[in-house]
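Everything on this sheet refers to the single structure shown next.
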Amino acid sequence: MPSAKLKNHRRFITLAVFIFLIIGTIIISYFARGYRINPKQGLTRFQGTGLLSATSYPKSAQVYIDDKLVTATEDTLNLPPGEYSVRIFKEGFLPWNKKAIIKAELVTSTDARLFPAAPSLSALTYSGAYNPTPSPDGKKIAYVTSNSDDPTKNGLYVIDIDNSILNLNRTPTLIAANTDRHDLKQAIITWSPDSKNLLIAFTTPQEDEDTDTPTQLSSTYLVDSGTLTNLYTAPDATIRLPVIFSDWEQEILRNQQALLKNLPEFMVNLLTQSAKDVYFSPNGEKVLYTSTVDTTIPDQLISPLASINSTPQTRELKVDHQYIYDLKEDTNYLISDSASTSDLYPAKTLLSLTPLLEFDTSATTSSNNQYLNYNQLQKDRTPLETILAIKSQYSALYTHNPQWYPTSRHLITTKDNKITIFEYDALNPTTVYSGPFDPNFVFPSPNGDKLLILTNLNQDDQPLNLYTLDLK
C-alpha cells in the first residue's frame, strides 16, 4: 500500500494542478478582455486595454496611430485606454482620419471607407440626358434623349444602374418616343413607389400668368417602366390622378410606418410633428432630418450600448438645423446649422400615422370614397403640386438636401462645383469630384461603387450626358 507520504505528495500535485488551472483560466480571461502587464514608473501594473478594430474598404490599407505606422487593415489592436489619432491610408486613395477614444474591455471600430484620389469618368449616355429621374428603389434611372441622329430614337428611356449591368454596358430601354404632340424633354417624369410604373406629365402655363413656369397639367400618361408605350394611343390618365395619387400615398405610408415602428416614441413624435426633410438611411438605422422646433432629445431613449461612436453628440435641437439620429446607438449629430431648400419642390414631411385602411382597389372613386383617406399629399395642392410633393417623398435629391450613400454611414452633398461625401457624424468630408457638372443631379449606384453625374465636361456645344464616376 502506498505510504502516507506518497498520498500527501499526490494530493499536493492534484491541488497544485487545480490551482494552476484556475489561475491560468483567470489570466486568459483577463488577457482576452484586453488586460496587459504594463511596466510604468518602476512598477508592474496589470492594466486593462481596449480593442481597436482597424477595418477599411478597400482592405490592406496602412494604419497609423499617433503618426506611427503600426499595422494594416484588417487587424485588431490592443491599446491602453485613451484618445488616439487614427489615420488610414492606401496608395491611390484619399486618407481617412479620426480621433478614436479607446475604453478598457471595449471594441472601437474604424469602418473606414476610402475613396480614390483620381476617380475615372465613363460616359453612360451619348445623345443627351434630360430630366434624369431615379427610381425610389435606387436601381433605375429614367431620362429623356432629344439629340439622337435618328429622330425615332428620341424619347424617354430607362436604364438599370446596378454595377453588374453597368459593367456590361447594357442598352437603355425606350419607354416612349417623341411625337409631334409630345416633346418628352418638356415632361415631368415621376416613378410609382414600387418603381414599376412612370407617370409622364405634360404642363402648360396659366393663360393669365406672365411666366414660363408650368402651373397646370395638360395631359398625363401612366406607363410601364419596362415596355414601349405609344403615346398616340395611350389613354390620358389625368382624370384618374386622384385615384393614382391615393394608391401611391398608401404605399408611401406603408413604407414610412415600417421604418418608424423601430424608433423610440419620442423620435416618432419628433419626426412626424416637429421635423421636415426626413430621409432614412438605406438600412433604416439612421435618419436625416431638419428640426422645426427648439427642443431636447432625452438621454437613453433605448438601453445604452457599452461601446458607441466617440464623436460628441448634439441632443439640443434648434430650428432649421439639420441632424442625423442613429437608432442603433441612440446618438444624434449636428450636420448643418442651415437647412437646404428648393424653389420648385416642397419640403418633405412624413405622412400622418393614421392606421392604414383596407379597401377594394378595384373600385372607382365614385363608388368608393375610401380612396379619399389617402389624400394628405393632394390636400390643398393642384395635381402638378402633388406630383412635386410625391417626388420629394422619394429622395433628398429633389429638396437639395444631403443624400444617403448606400453604406448608410455616409452622405453626399454638392457645393461650389464639388461633390463631397462625409460620414454620418459630419466627420471626414472627402471631395470625390471637382469639375463641371449639374448640381441638381448626383446619384449613387446601388452598392456605392459609382456616382452618376450630369455633365458635358465644359463642351458648351454638347448636351449634358450621364457619366459614371468610379469610386472603387
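Residue numbers (our numbering): 3 to 474. Backbone N, C-alpha and C fix where the C-beta goes; we use that ideal spot for every residue, glycine too. Predicted model only: the values in this text are computed from it and were never measured.
With contacts defined as CB atoms closer than 8 Å, Val270 and Val280 fail to qualify as a contacting pair. Its Cα nearest to that of Asp440, the residue Asn460 stands out among Asn460, Pro448, Leu272 and Gly50. Closest in alpha carbon position to Pro266, among Thr388, Gly450 and Asp332, is Asp332. Counting along the chain, no alpha helix (DSSP H) covers Phe424; the unbroken beta strand (DSSP E) around it starts and ends at Lys420 to Glu425. With contacts defined as CB atoms closer than 8 Å, Ala189 and Gly157 fail to qualify as a contacting pair. Cβ contact annotation for Thr127 (same chain, cutoff 6 Å, sequence separation greater than five): Asn467 and Leu468, in chain order. The beta carbon of Lys101 lies closer than 8 Å to those of Glu85, Tyr86, Ser87, Val88 and Ser312 in the same chain, with the five residues before and after it left out. Nearest to Val295 by alpha-carbon distance, out of Asp226, Pro174, Leu273 and Glu287, is Leu273. When DSSP reads this structure, Ser283 sits in no beta bridge, so it has no partner.
If you ignore the 5 residues before and after Ser197, its C-beta comes within less than 6 Å of the C-beta of Ser137, Pro138 and Asp139, all in its own chain and listed in chain order.
In this structure, the beta-carbon distance from Leu79 to Thr73 falls below 8 Å. In the pairwise beta carbon analysis, the stretch 104-120 is classified as not touching the stretch 384-393: fewer than three pairs are separated by under 8 Å. Around the beta carbon of Arg183, a 10 Å sphere encloses fewer than 16 other beta carbons of the protein chains shown; the residue is thus reported as exposed.
Taking a C-beta distance under 8 Å as the contact criterion, Tyr376 and Ser248 qualify as a contact pair. Tyr327 has its alpha-carbon roughly 24 Å from the corresponding atom of Ala56. It is roughly 39 Å from the alpha-carbon of Ile246 to the alpha-carbon of Thr298. Following the DSSP letters along the chain, one finds Tyr66 inside the beta strand (DSSP E) bounded by residues Gln64 to Ile67. Membership of Phe247 in any beta strand (DSSP E) is not indicated; the residue belongs instead to the alpha helix (DSSP H) covering Leu243 to Leu262. The C-beta distance from Ser410 to Ser283 rounds to 4 Å, short enough to meet the 8 Å contact threshold.
The beta carbons of Ile143 and Leu454 sit closer together than 8 Å. The DSSP-derived three-state label of Pro134 is strand. Straight through space, the alpha carbons of Lys155 and Leu176 are spaced by roughly 8 Å. Below 8 Å, too few C-beta pairs join the stretch 250-266 and the stretch 235-242 to call them touching: fewer than three. Tyr223 sits in a strand when the DSSP states are folded into three classes.
Put simply, the backbone Cα of Ser309 is about 27 Å away from that of Gln405.
A straight-line Cα-Cα distance of about 7 Å links Gln315 and Leu336.
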